[in-house]
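Participant:
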Amino acid sequence: MTSTFKPVRKAVFPVAGLGTRLLPATKTMPKEMLTVIDRPLIQYAVDEAREAGIEQLIFVTGRGKSSLVDYFDQSYELEATMRGKGKDLSVLDASRADFGELISVRQQSPLGLGHAVWCARHVVGDEPFAVLLPDDLMAGSPGALRQMVDAYNRVGGNIVCAEEVAADKTASYGIVTPGRSDGTLTEVKGLVEKPKPEVAPSRLGVIGRYILQPEVMQVLDDQEPGAGGEIQLTDAMAKLIGNQPFHAVKVDAVRHDCGDRAGYVRATIALALGRDDLRDVVRDAVGAA
Ligand code: G1P
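Each residue of the sequence shown is one higher than the last, beginning at 19 in the working numbering.
(1) Note down the Cα distance separating Arg-39 from Met-47, rounded to an integer number of angstroms.
(2) Span of the beta strand (DSSP E) holding Asp-153?
(3) Measuring alpha carbon to alpha carbon, tell me which residue in Glu-248, Ala-138, Arg-114 and Ala-256 is nearest Ile-177.
(4) Who are the near neighbours of Leu-251 in its chain, counting only those whose CB is closer than 6 Å to its CB and skipping five residues on each side?
(5) Tell me whether Val-30, by its Cβ, gets closer than 8 Å to a heavy atom of ligand 1.
(6) If I measure Cβ to Cβ from Asp-270 and keep anything under 7 Å in the same chain, skipping five residues before and after, which residues do I get?
(7) For a quick check, are the C-beta atoms of Leu-129 and Pro-32 less than 9 Å apart?
(8) Which residues share a DSSP beta bridge with Gln-61?
(9) When you compare each of Asp-116, Asp-278 and Asp-200 to Ser-190 by their alpha carbons, which one comes out closest?
(10) For Ala-266, does the three-state DSSP call read helix, strand or coil?
(11) Near Val-272, what residues of its chain come up, given a Cβ to Cβ distance below 8 Å and the 5 sequence neighbours on each side ignored?
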């Protein structure tokens, strides 16, 4: 579909987080390198971004996170050995970044999601961009970001992915004050980070996919701390409302919160049940338990 809006070519992956909810697994390994079936979480997010037309992957990393960048490099010794043995190298295709496709910047201190996104400002420049939080594994076809880009091509502006969250879980999410809605697309009238259920404006929670206009970086320049003393992306987005179109979109995909033990196990089982080579094994194992 042709669109009058500037295309979304860049995606920011904030991957500097410590992953404390999954310790000790994440003591020496980035949580984004945890494997669901046969690929790390970061691969799912990168695949989804590429499918949505993203050309530049911007990783906001931190100390101890270098393996995320290495993962997308060429593995010279492995590839030479495999080639020598006549093995099929296509299994590695998606894990290789094109020359110049991947850029990483550092977030030296864990000052919040808004701060992490702001660390990418010079690479993002003056273009709309996507943000993908790899903890949220979005299982769907077409992928969640592809569906969001389709919505963006219709309405432009800023778009957050959203879903109805449990009434007692609003304090874990950015929550939308909803305006007019056509079912999947809802106008965003306000945004508040992690409100207690008693004060939450709705149960429409923001999940880890965003399409944002570059002006959000100027708002983030102020570095104002919000909920939890962190520089919140939600607060910066809230300041764009009224000046630019802002929508929440519900996508046709299942969200698995892999930053959490139960969500991570659920993701593994759900994805395995979707695969012809693993379905029977998983059913047997669950049946035997
Ligand atoms: C972040 C955002 C929050 C959003 C959530 C989605 O919170 O701050 O607004 O709803 O991601 O996963 P976190 O999960 O990093 O605490």
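Don't be surprised by glycine CBs; every beta carbon is placed ideally from N, CA and C.
Facilitator: Let's see:
(1) Looking at the two C-alpha atoms, the distance is approximately 13 Å.
(2) Looking at the DSSP string, Asp-153 is not in any beta strand (DSSP E), and its letter there is neither H nor E.
(3) Comparing Cα positions, the closest option is Ala-256.
(4) By the criterion of a C-beta distance shorter than 6 Å, Leu-251 is surrounded in its chain by Leu-131, Gly-132 and Val-135, once the five residues flanking it on both sides are discounted.
(5) Val-30 Cβ: outside cutoff for every heavy atom of ligand 1.
(6) Cβ within range, chain order: Gly-158 and Gln-165.
(7) At a Cβ-Cβ threshold of 9 Å, Leu-129 and Pro-32 do not count as neighbours.
(8) Beta-bridge pairing links Gln-61 to no other residue.
(9) Comparing Cα positions, the closest option is Asp-278.
(10) DSSP, read as helix, strand or coil, puts Ala-266 in strand.
(11) Same-chain partners within the cutoff: Met-156, Ala-157, Gly-158 and Ala-288.
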